[in-house]
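Protein chains in written order, with this note's numbering: chain F, 3 to 195; chain S, 146 to 1096.
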């Protein structure tokens, strides 16, 4: 298995504006595990992150309160088995590795919020969407799960969507970033001429 | 530049930057900072275009955005507002709506026919004879106003859009608006200040030194304030529920126009006032302009508007215009003070004013007439919030009724009159109040939003609205002289037309508007609404306050369709294999949101290969739902028409869903992977609806059931391996599953490794009618498996096949497709589900309707059909009729040429009387021909016993 590489729906890696004010990166390989656990289960008690927020656990994984009674755990590539094993499954609990099924982008930089606000109608300001915020919302007409997960003091959003929408979402976000100096790779334009 | 004045103290042009452009083919120059109109006026241009209906010569009237006479063609862009669009070097500017030329326009003959072209002319004239309407259309199109679009060569590119969430949005960048913005921002609110023109300042921009200085100070303060975002050359075009506000930003480096969708806590409406024209004979003659226009031309653009002027003034703006004209060297022949009852009766002149007749009987020689007769309060945004403004005769304009939602406040001229300081102070008080309300709202939002941290600041105490209203200055009611003139310059509607409409019974202002089209042109009533109401009130002999108003709806001013469209986001779904399909010549097929391979060049050959060897098809769009929990069987019993409680682990079953009305809604195969673990598949198009329906049941009606539903459609790439060699092929790649017929029978499911990829779900089913396996592979590894299958199966004839080949194969096998062979009326008996439907179940969605449906004998029946002449393939949706009559007895739902049988094959819905095997039916083709066909014993045309797939 180890020699079989994960194929991302977005294979352009990372692209940045010339001034570095916004960077768009493919984060498909991120391990993504979804946990659904009823209140009162050991899993719910262990995860213990309220809906709408996130925190790093002792293993460095990002645990997100995605929806009521639902969590998503993001980890480094290849951590699926470890993360799944870490969740207690007593009671009515479902743990699913959704790594393959979710495209994921990371948008970082001082202009990240402004760029995303071109195609997302949610208020992404620091007060409504602080670092650690977890929410769902449409981005470029694609239903997405979001985490505000700043990196190195820079604003950063981790955004995932159903894998089949991944390429379109990347194109839509890249198009939104062009205003801030990002050059879209040839063939990835939203409105090619 | 014959009309360019020496340097003016407030001019906005940069005389060091000369810009060359062309006007109707003639090379001319202007300066940076000029509008197109000011540059042309400086070059001595009097006539800019022709009116819409009568093709009367028209010149500058308002010299701003609202000027109805300044719509010009600029390059490939039509309807450019030359009164506000800034001049750019190289512009190719020309007149619109004239032929053959601006000077000699044939359509000007309409003026001679004017008495026959009254309101309702089109309605009355072109109704009869009806058969001539297509001819009328062709002719009328020749006279359509507006410029030309060159959409095949246009290089405008895409328009743009963004969202914003200001606490306070201020519409209007005059003294009140800027005051409001600054006060709100000082209070801690995030402010978006939207100004219609390219600079902040409002009417102060063309005012005296003190006014201009104050405008500059306020503008600089707004620009510098960290809490204020200033959008100039932008218009608030609409206000919708809950302060959803649309802003059209016209000048932005990234796009010709950008639509800003703002959700504001509070909106402050401070648009100022718009000067309105005066109605008299000849009031649309070039050279007749408003006081504000004269002042803007002189003070902003250093353009002398004429040589000899008559000024009719009823207010300070007119008085100031007299001073400005005098300073600009224009001879002011007479000043007619409307406050003293003086005024204009008529104007004469063809391409320019030559004579003016006054109410005191004088005839004056002049080339320019300047009127200052009052204001329109642009209450549009208030109307959009439900306000119905009230007319105040003492001020001769409309004011808000005060019946406004708390998230909308009015500031400045719309509220009343005053000095610059008064207006700014009113704005500041309004801004502080707006900030208070908006910050209280923001505190609530932050407190109540799950993703936000609790606010670290105190919620402000509610502030009382103790603003002192602005005074209302007395103003004479100057609307129309003793003569008739133009009311709506955009639509060529005169006061005479309005009086005539009233006489014809259109005496309500709303009816009159629709009958005459007054206020319906590009000015959107800003210039003509009040005059229209006054003329109607006069015609009806009622007080103006009783005549009412039309309702201003969005947009505040016209907006381009491109801006409304913005960036077009139409998501396309791609399987993990789509790049491979495209690289290997697949013809794309858009199926809902999915893009799929229709075929790789020869669908018939692809189908034949499946029957002979083995083929692969990417069926990822199949909806896939991972179901977990002890109560999954209950859920399946509820949503499927058949039974599920006893399905064993390792088995799959076909199921059909019906809606509450018994109509077939979806179908698919569901397999039991473990005791409490199932995988459901749905149709590609129904995946979302089925998921939503399951969640609806689980969250709303059966919350006590322990079931978790997870959509895994994109996570599992689905590959159907079909054909007599499919088992041989899979045997080479599947490591830990016994694929023998005994160990892995038809309708079974196994989990194992394929080509080294773990956790693949393999089930044995057959949509094509062949021995086949459907493999669901973790999508990140799908390409590896797909390529391994093709490579390993090369000697077995393994090749990909597309959707078209699959459709052929399934039709040969007689499998129906929900939504194609059924429709919104097809109930279970129609689909021929027979024994699948278990009417003895205690509960199933649509069960009562199903029981009723099975008692009926009149429902259409889906049958296999073959044409007598096997070379003819009836069109899908071709009607099945009763012999030579046109009585419809059914329709062909699917049809193809079968490569296996070498003849056409069909499925179709027929009346029960035609459903018996062997019945001859008539199919009405699209070309009108009738062909004979025969109803078959089975849906399947090939291997109805299933011998090929159950090996």
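Even for Gly, the Cβ is constructed at its ideal location relative to N, Cα and C. Predicted, not measured: the structure shown is a model, and the values here were computed from it.
When the Cα atoms are used, what is the spatial distance from residue i to residue j?
i, j, result
"residue 592 (chain S)", "residue 132 (chain F)", "13 Å"
"residue 127 (chain S)", "residue 967 (chain S)", "For chain S, the structure presents residues 146 to 1096; residue 127 (chain S) sits outside this window and is missing."
"residue 4 (chain F)", "residue 928 (chain S)", "Note that residue 4 (chain F) scores a pLDDT of 49, beneath 50, so its modelled location is shaky; the value from the coordinates is reported in the next line. The straight-line gap from Cα to Cα measures roughly 15 Å."
"residue 686 (chain S)", "residue 372 (chain S)", "52 Å"
"residue 755 (chain S)", "residue 939 (chain S)", "13 Å"
"residue 622 (chain S)", "residue 487 (chain S)", "12 Å"
"residue 341 (chain S)", "residue 106 (chain F)", "41 Å"
"residue 20 (chain F)", "residue 178 (chain F)", "15 Å"
"residue 1058 (chain S)", "residue 914 (chain S)", "29 Å"
"residue 156 (chain S)", "residue 447 (chain S)", "6 Å"
"residue 333 (chain S)", "residue 419 (chain S)", "32 Å"
"residue 289 (chain S)", "residue 242 (chain S)", "8 Å"
"residue 719 (chain S)", "residue 830 (chain S)", "14 Å"
"residue 1024 (chain S)", "residue 1068 (chain S)", "6 Å"
Where does residue i sit, in a helix, a strand or coil, going by DSSP?
i, result
"residue 529 (chain S)", "coil"
"residue 773 (chain S)", "strand"
"residue 842 (chain S)", "helix"
"residue 475 (chain S)", "coil"
"residue 236 (chain S)", "coil"
"residue 704 (chain S)", "coil"
"residue 115 (chain F)", "helix"
"residue 671 (chain S)", "coil"
"residue 127 (chain F)", "coil"
"residue 457 (chain S)", "strand"
"residue 29 (chain F)", "coil"
"residue 6 (chain F)", "coil"
"residue 753 (chain S)", "helix"
Taking DSSP's pairing of strands, which residues face residue i in a bridge?
i, result
"residue 137 (chain F)", "F:148"
"residue 1098 (chain S)", "Residue 1098 (chain S) lies beyond the residue range present for chain S, which begins at 146 and ends at 1096; the question has no answer from this structure."
"residue 188 (chain S)", "For residue 188 (chain S), which the question treats as bridged, DSSP gives no partner whatsoever."
"residue 1075 (chain S)", "S:1069"
"residue 865 (chain S)", "S:762, S:919"
"residue 217 (chain S)", "S:225"
"residue 943 (chain S)", "S:759"
"residue 972 (chain S)", "S:808"
"residue 489 (chain S)", "S:503"
"residue 167 (chain S)", "S:172, S:237"
"residue 481 (chain S)", "S:457"
On the premise that residue j lies in contact with residue i, defined as a C-beta separation below 8 Å, what is that separation, rounded to the nearest angstrom?
i, j, result
"residue 752 (chain S)", "residue 954 (chain S)", "5 Å"
"residue 513 (chain S)", "residue 450 (chain S)", "6 Å"
"residue 416 (chain S)", "residue 316 (chain S)", "6 Å"
"residue 444 (chain S)", "residue 520 (chain S)", "About 19 Å separates the two Cβ atoms, so there is no contact after all."
"residue 637 (chain S)", "residue 196 (chain S)", "5 Å"
"residue 678 (chain S)", "residue 694 (chain S)", "6 Å"
"residue 1040 (chain S)", "residue 1018 (chain S)", "5 Å"
"residue 580 (chain S)", "residue 313 (chain S)", "6 Å"
"residue 533 (chain S)", "residue 575 (chain S)", "Rounded, the Cβ-Cβ distance is 21 Å, inconsistent with contact."
"residue 392 (chain S)", "residue 339 (chain S)", "5 Å"
"residue 309 (chain S)", "residue 411 (chain S)", "Not a contact, Cβ separation roughly 14 Å."
Is the beta carbon of residue i within less than 6 Å of some heavy atom of the ligand GTP?
i, result
"residue 20 (chain F)", "Of ligands this structure carries none, so the ligand GTP is not represented either."
*What residues from the stretch 912-931 of chain S come within 8 Å of chain F, judged by C-beta to C-beta, listed N to C?*
Hits within the stretch, in order: 923, 924, 925, 926, 927, 928, 929.
_What are the residues in the stretch 68-87 of chain F lying within 8 Å of chain S by C-beta distance?_
Under the 8 Å Cβ criterion, the stretch 68-87 of chain F contributes no residue.
*Please name the residues in the stretch 302-335 of chain S whose beta-carbon is closer than 9 Å to at least one beta-carbon of chain F, in chain order.*
Along the stretch 302-335 of chain S, the positions whose C-beta sits under 9 Å from a C-beta of chain F are 302, 303, 305, 306, 307, 308, 309, 310, 335, read in chain order.
_Contacting positions in the stretch 240-257 of chain S - beta carbon closer than 9 Å to chain F_ = Going along the stretch 240-257 of chain S in chain order, one finds no residue with a Cβ nearer than 9 Å to chain F.
*For the stretch 102-115 of chain F, which residues have a CB atom closer than 7 Å to at least one CB atom of chain S, in sequence order?*
For the stretch 102-115 of chain F, residues whose beta-carbon sits nearer than 7 Å to a beta-carbon of chain S comprise 102, 103.
*Quick one, which residues of the stretch 30-51 of chain F are near chain S if we go by CB-CB under 9 Å, in chain order?*
Answer set for the stretch 30-51 of chain F: 30, 31, 36, 38, 40.
*Which residues, in order along the stretch 587-608 of chain S, keep a beta-carbon less than 9 Å from a beta-carbon of chain F?*
So the list reads 587, 590, 591, 594, 595, 596, 597, 598, 600, given in the order they occur along the chain.
*chain F contacts from the stretch 716-728 of chain S (Cβ-Cβ distance under 9 Å)*: Against chain F - using a Cβ distance shorter than 9 Å - the residues of the stretch 716-728 of chain S are 716, 717, 718, 719, 720, 721, 723, 724.
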